Amino acid sequence: MAKEYKLSPERLKELQDEMQYLKSVREKEVAELIKEARSFGDLSENSEYDEAKNEQGKLYSRMAEIEEILSNYVVIEEDASAGSEVRLGSTVTVLDKEFNEEEVYKIVGSQEADPMNGSISEDSPFGRALLGKNKGDEVTVDAPAGPVYYKVIKIERI
27 MAKEYKLSPE RLKELQDEMQ YLKSVREKEV AELIKEARSF GDLSENSEYD EAKNEQGKLY
87 SRMAEIEEIL SNYVVIEEDA SAGSEVRLGS TVTVLDKEFN EEEVYKIVGS QEADPMNGSI
147 SEDSPFGRAL LGKNKGDEVT VDAPAGPVYY KVIKIERI
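Going by the working numbering, the first residue of the sequence shown is number 27, and it counts up by one from there.
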């Protein structure tokens with residue numbers, strides 16, 4: 027069975043737009059690079075040709091990756107009427123019990139994860155630990171350096 031990719035409506039649109047750009051614009055640019063490099067003569071010692079072919083390989087690889095995602099995705103819908111527990115799409119404020127600091131994270135699908143900007147994948151240890159929790163719940167995350175303890179302060183649906 028194929029892996030299912032969970033995407034927000036915004037991320038789905040980004041991927042569809044990227045695929046359209048790659049097919050309509052970038053593919054033609056790369057074909058032109060190859061055509062130009064061929065005109066330089068002997069292909070066995072033509073670094074421009076090798077580079078253009080590498081670029082073509084990267085392009086087709088990215089297109090295949092996006093095609094895989096777009097053929098196996100599920101859109102994460104924001105549902106304000108859903109229960110108060112943490113789920114995909116929730117913005118969660120937690121208290122780091124060791125440092126007594128509040129931190130805010132958004133729980134997203136793996137395709138949208140950006141931990142440096144507060145977007146945590148549901149597949150990460152932290153994301154898995156938060157899923158299904160309610161305001162006031164204690165959460166233990168098994169990190170490489172040992173367990174880390176959090177308390178859920180607030181759950182929002184934006």
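In this text, a Cβ means the ideal position worked out from N, Cα and C, and glycines have one as well.
Note that this is a predicted model, so its numbers are computed, not measured.
Distance from the Cα of K29 is smallest, within the candidate group Q82, Y99, V167, for Y99.
Considering only M45, P151, I181, G162, the residue with the shortest C-alpha distance to A171 is P151. Here P170 carries a coil assignment [DSSP, helix/strand/coil]. The three-state secondary structure of D140, taken from DSSP, is strand. In the DSSP assignment, E77 falls within the unbroken alpha helix (DSSP H) covering 73-96.
Per DSSP, D43 has no beta bridge partner at all. Non-local C-beta neighbours of R113 in its own chain, meaning closer than 8 Å and more than five positions away in sequence, comprise I133, L157, G158, ordered along the chain.
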